[in-house]
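Numbering (the UniProt record's numbering), first residue to last: 1 to 601.
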């Protein structure tokens, strides 16, 4: 059976030492985030996830969700009881506004819990995860009445939330949606249509489910400019705030999926369901993107989470499984064979995983800090810069984070050899669960185009220039430290590859947009490589400064420095190869006609 231990020591290192959360104590919400408090949240949250949620991960995979004859859905055994414990402990309230019953802690601590929850049980984590996104949209665009009606119970976990975008005939191209919203004369709308792939769309874990639904009003433009957003509760809400009459939305079926079986991914049929507009008419896509951007950061964390739990199990297996001898001679002569941990190719896969997960954790939590700073930084200039960097980082965290997260999960399965292909060991589930993260909330191809087609050019390139400046400053400072000089110079070369790739786009993509499309994925990976390199430089800087006085923690900081060097040696060179692919342009990619792809009889 697979196991999971929350990486609390590494998380405390990032929160307390690298990000130095306590230094933001002058900002709203941060005054509570002292080292003692954050340590308690990290340690107790990790314990809850490891002890309560992780044992249910395989249960959810094997049992899945069941749709009943009346359209209701029963979640896997133990899920409802675990959600009750989750709600009663207040874990879902951590980073939400105190006005609605939240604890008002920084978002970055919410991101900590998102990783732990998802590593322990990704399918379970999607129920509160989707709710968090729905809360974000209602906070930003909901009316005062809507906020008062829905948010306190969504924050508490009594009610959960969903996002309803996709329809059978359209996914990314939302301008094609057909769901209709007919005004009823009393401020409500009658919602009719079918939505598919709705995560947590129907279940038995909460009293009510608050659906946020994209639909078109009569006469609306037949494009993305004609989309409105509606709040449609599963049960209409009585005047006293309790769930009342069942609304006209039902689960038609549960999707049969490759992974995340413990989450009820539903086809939802809206048959004259009563809903209310959120925000302005025909401005629904902008409102939904608030929710989608929050979800994209969460999905990036899912990529990290599956890499982490797969890595933990692969390390345990590599230390226990004996096959062959070390190339330099028997490591344990008294045994019949050495642990496979001694073999360089196994070590390569484990080191790749370690270098990715630790840096990706730092990046995800830096992203969480940027979410806080966009709203709470002291000056408008600081808030604007944080917002620019967060927008730039979002497709990288989602796209690069899930591409590499899936790759790591697959490589950790490889460590097990044939046993990795056997369900009993649990590695298959990590791979299958990780795969969806590259697809939903905008495929990674969409993330790459968002990064290259929108974010690079946004505000005259202000975001990427701010990023280049930040990385450059970190490199310059690190060059002054003997222990970091070589690492800083290696990162500087990789940054140069990204800057050259950016310039190539500027010079070539305008004349042929296919050049941008052909190179976007490569650029996203170049930026991911550079960004994780930045994280390693930040972590190495802290580790080097603490080494002399580390005491019992000396081994921890030495490991950080060694892993940072490995990353610089083995990951950063890929930026140059990806740049050369990008600069090959689109000519050979687009050269063949459709007939060339058809298999001849």
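Every residue, glycine too, gets a C-beta built ideally from N, C-alpha and C.
Under a 10 Å Cβ-count criterion, residue 501 is classified as buried, with 16 or more other Cβ atoms of the shown protein chains found around its own Cβ. Within the same chain, Cβ atoms closer than 7 Å to the Cβ of residue 18 are found at 362, 538, 539 and 542, the five residues on either side in sequence being excluded. With a cut-off of 8 Å on Cβ pairs, the stretch 349-357 is in contact with the stretch 558-573, counting three or more such pairs. Going by DSSP, residue 374 is part of the alpha helix (DSSP H) stretching over 344-376. Excluding its 5 nearest sequence neighbours in each direction, residue 26 has C-beta neighbours in its own chain below 8 Å: 378, listed in chain order. Between the C-alpha atoms of residue 144 and residue 207 there is a straight-line separation of about 22 Å. Rounded to the nearest angstrom, the Cβ distance from residue 429 to residue 406 is 13 Å, too far for a contact under 8 Å. The criterion of a C-beta distance shorter than 9 Å is satisfied by residue 398 and residue 299. Looking from the CA of residue 234, the closest CA among 249, 292 and 241 belongs to 249.
Taken through DSSP and simplified to helix, strand or coil, residue 299 comes out as helix.
Contact between the stretch 582-593 and the stretch 498-514 is present: three or more C-beta pairs spanning the two stretches fall below 8 Å. Distances from the alpha-carbon of residue 408 to those of 347, 253, 560 and 480 put 347 closest. Here DSSP, grouped into helix, strand and coil, assigns residue 68 to coil.
DSSP places residue 152 in the helix class (H, G or I) of the three-state scheme. Looking only at 150, 576 and 173, the smallest Cα-Cα distance to residue 497 is reached by 576.
Within the UniProt domain "Acyl-CoA oxidase/dehydrogenase middle" (163-271), the runs of beta strand (DSSP E) at least 3 residues long that lie entirely inside it are, in chain order, 180-183, 189-199, 208-215, 228-233, 235-237, 243-246 and 249-254. Take residue 495, set aside five residues on each side of it, and the residues of its chain with a beta-carbon closer than 6 Å to its own are 471 and 530, in chain order. Taking residue 160 as reference, the option from 211, 24 and 593 with the minimal CA-CA separation is 211. Put simply, the backbone Cα of residue 47 is about 10 Å away from that of residue 53. Contact check between the stretch 254-274 and the stretch 357-375: fewer than three CB pairs, one atom from each, fall below 8 Å, which does not count as touching. Here residue 487 is buried, its C-beta having at least 16 other C-beta atoms within 10 Å. By the neighbour-count definition (other C-beta atoms within 10 Å, threshold 16), residue 554 is an exposed residue. With a contact defined as Cβ atoms closer than 8 Å, residue 393 and residue 447 miss out at about 11 Å. In this structure residue 304 is buried. Its beta-carbon is surrounded by 16 or more other beta-carbon atoms within 10 angstroms.
Using a Cβ distance threshold of 9 Å, residue 418 and residue 313 do not count as a contacting pair.
Taking all protein chains in view, the Cβ of residue 421 is surrounded by fewer than 16 other Cβ atoms within 10 Å, so the residue is classified as exposed. For residue 482, there is no enclosing alpha helix (DSSP H), as DSSP marks it with neither H nor E.
Linking residue 548 to residue 559 through their CA atoms gives a straight-line distance of about 14 Å.
DSSP, read as helix, strand or coil, puts residue 325 in coil.
Secondary structure note for residue 591: it is in no alpha helix (DSSP H), with a DSSP letter that is neither H nor E. Taking C-alpha positions only, residue 78 is separated from residue 115 by approximately 21 Å. In this structure, DSSP gives residue 531 a helical state, which the three-state scheme calls helix. Straight-line spacing of the CA atoms in residue 66 and residue 199 works out to 14 Å. By the beta-carbon neighbour count (other beta carbons within 10 angstroms, threshold 16), residue 385 is buried. One Cα belongs to residue 593, the other to residue 516, and the distance between them is close to 20 Å. DSSP places residue 273 within a strand segment (E or B) once states are collapsed to three.
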